[in-house]
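All remarks here apply to the structure that follows.
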Amino acid sequence: MQGGSESTRLTEALGPLHPTRDELDLQAYEARLARPVRVKAAELQRDGRLRHLIFAGQLSPALLDDLAETADQVRVLSKSRAGQDFLRDLLAHRRAMLYFTQPSTRTFLSFTAACQILGITCNEVRDPSTSSEAKGETRFDSIRMFSSYFDLIIMRSPVARLAESCAYLMNDLARSAQRSVPIVNAGSGADEHPTQALLDVYTLQRTFKFENPADSPVSRLDELRGRYGHADLSTGLAHKTYGFCGDIGRGRTVRSLAMLLADYPGVRLVFVTPDHPALRMRDDLRQRLAERGVPVLEVDSFEAPVDGVPAIEAIDALYMTRVQREHDTPADQESLARLDLSPYKLTRDLVARMKAYAPILHPFPRDQHFGEIPAEIDSDPRAMYFRQARNGMWVRAALLAHLLDADGAIERYFHREFREHHIYSS
Ligand code: ASP
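One point on numbering: in the working numbering, the residue at position 22 of the sequence shown is 25, and numbering is uninterrupted.
Have a look at this one:
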């Protein structure tokens, strides 16, 4: 997002439809978008809490722990009728707009379900040809209109930094004492998908507690340390080697998750991808990871050595991705057609060589035509991707509760009413 990818310049990405008004607005945003992450993150907060969630760099390990705790409380409360009633009452006075102008299944539905859990009424615009954008309205006018009717805007757009610009628009409105609402980035171009990274981390947090058989391929840490010989294995996300496979260059979920993982001590990132300009890691991400001082290995095969063993045997968690064909240029199509991409698909044999406790994640959708994860792997205890998608609903509910200042009420109720009946096995 903060980097210099050609497709990220808003003025280019928005196209010639409304040049005068959009471009005038955007000239101001370009300068603000170019500021260091630290400075921008501060502007996206209010009173030490998130005001908008736009990029992964806003999510510190401490905040990720807080959100995971709220998500755990929401999922436990949701088990009982009394807990459900409490949650549904909590934000029943709030309304959310889901403005999704790019295809989405899981993100859209899990945000909808998260709103329903908390009693938030939601409405949607998914096809701009059915809104006033078809009559020439700018996206910024649309957003401002949504903010007139709703208390929160969750947006997905093919334009890389539109959500970030909309957050600045909202801040400017607030400064002039006008109506302003939080913006959540639910996927921006090939750039960032911070709430996917949030649910990926939540899934890893639960997996690496080694507590619950539903969350961990092997849920007994003592067994892992003893019988399986992983003497140094620790709980938590730190001191682990994370593998990413597939379309690293254009996978926005990879970009967001890699930045979050880089904040944990002792983490190492292994990227398994063909040496192709569209698929390999982009320079801006490489540079940002280098600035964090996180060791990064870029290899073109699961057989490449990591610590003297093949990568597939060395990793503690594997994040698979599909090839993002929708971003192909004609030249990419031609050169990718000549490339052998079969080494970037999982097979039963590869999975059998992974560590017994290593979860396999995928942001989904998986591509049935390419087959990066064949269905035969779904029954392996390491296959965590369906669980991961469900985790998205809980942690997105936690995020909404945080943004609308309801997380404190959830915590108080949870401790008062439910602590005694704590069940984590949902
Ligand atoms: N669903 C994810 C996204 O929106 C991953 C993907 O589409 O490949 O980025």
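Ideal Cβ positions, reconstructed from N, Cα and C, are used throughout, including at glycine. Quick caveat, the model's predicted, so the values are computed rather than measured.
Residue i, buried or exposed, once every other Cβ within 10 Å from all chains shown has been counted against 16
i: residue 52; result: exposed
i: residue 209; result: buried
i: residue 203; result: buried
i: residue 427; result: In this prediction, residue 427 has a pLDDT of 47, which is less than 50 and means its spatial position is unreliable; nothing more can be read from the coordinates.
i: residue 138; result: exposed
i: residue 168; result: buried
i: residue 50; result: exposed
i: residue 342; result: exposed
i: residue 141; result: buried
i: residue 395; result: buried
i: residue 235; result: exposed
i: residue 60; result: buried
i: residue 152; result: exposed
Limits of the alpha helix (DSSP H) - the one that residue i falls within
i: residue 77; result: 64-80
i: residue 146; result: 142-152
i: residue 301; result: Residue 301 -> not in any alpha helix (DSSP H); beta strand (DSSP E) instead, spanning 299-302.
i: residue 320; result: Taken as a continuous stretch (DSSP letters only), residue 320 belongs to no alpha helix (DSSP H), being part of the beta strand (DSSP E) at 320-323.
i: residue 174; result: 165-178
i: residue 94; result: Where residue 94 is concerned, there is no enclosing alpha helix (DSSP H), given that its DSSP letter is neither H nor E.
i: residue 339; result: 333-341
i: residue 285; result: From DSSP, residue 285 is part of no alpha helix (DSSP H); its letter is neither H nor E.
i: residue 398; result: 388-406
i: residue 114; result: 109-120
Cα-Cα separation between residue i and residue j, rounded to whole angstroms
i: residue 410; j: residue 73; result: 7 Å
i: residue 55; j: residue 155; result: 9 Å
i: residue 405; j: residue 412; result: 10 Å
i: residue 401; j: residue 183; result: 21 Å
i: residue 7; j: residue 86; result: With a pLDDT of 40 at residue 7, under the threshold of 50, the modelled position of this residue cannot be trusted, and the question is left open.
i: residue 118; j: residue 99; result: 8 Å
i: residue 247; j: residue 233; result: 22 Å
i: residue 436; j: residue 38; result: Residue 436 is absent from the model: the chain starts at 4 and stops at 429.
i: residue 314; j: residue 354; result: 12 Å
i: residue 205; j: residue 292; result: 21 Å
i: residue 148; j: residue 200; result: 29 Å
i: residue 66; j: residue 198; result: 13 Å
i: residue 242; j: residue 216; result: 22 Å
i: residue 178; j: residue 128; result: 27 Å
i: residue 76; j: residue 344; result: 42 Å
i: residue 71; j: residue 166; result: 24 Å
i: residue 279; j: residue 263; result: 25 Å
Near ligand 1: residue i beta-carbon under 7 Å from a heavy atom
i: residue 196; result: yes
i: residue 110; result: yes
i: residue 1; result: The shown model of the chain, from 4 to 429, leaves out residue 1, and the question about it has no answer.
i: residue 367; result: yes
i: residue 325; result: yes
i: residue 391; result: no
i: residue 199; result: yes
Beta strand (DSSP E) segment containing residue i, residue limits
i: residue 416; result: Premise fails: residue 416 lies in the alpha helix (DSSP H), 410-416, not in any beta strand (DSSP E).
i: residue 126; result: 124-128
i: residue 99; result: 98-103
i: residue 191; result: 186-191
i: residue 238; result: Where residue 238 is concerned, there is no enclosing beta strand (DSSP E), given that its DSSP letter is neither H nor E.
Residue i Cβ short of 7 Å to ligand 3 heavy atom set
i: residue 256; result: As presented, the structure is devoid of ligand 3, carrying ligand 1 as its sole ligands.
Cutoff 8 Å: residue i Cβ touching any chain C Cβ
i: residue 336; result: In summary, chain C is missing from the structure at hand, where a single protein chain is found.
Subject >> Meets three-Cβ-pair contact criterion under 8 Å: the stretch 377-395 and the stretch 242-254 >> reply: Output reads no: the stretch 242-254 does not touch the stretch 377-395.
Original post:
How do the stretch 363-377 and the stretch 320-328 stand: do at least 3 beta-carbon pairs fall below 8 Å, yes or no?
Top reply: yes
Original post:
Below 8 Å, can you find three or more Cβ-Cβ pairs linking the stretch 357-364 to the stretch 333-341?
Top reply: no
**OP:** For the stretch 185-195 and the stretch 100-110, state whether three or more C-beta atom pairs, one from each stretch, are separated by less than 8 Å.
**Re:** yes
Original post:
Three or more C-beta pairs closer than 8 Å, one from the stretch 299-313 and one from the stretch 270-282: is that the case here?
Top reply: When C-beta atoms of the stretch 299-313 are compared with those of the stretch 270-282, three or more pairs fall below 8 Å, so the two segments count as touching.
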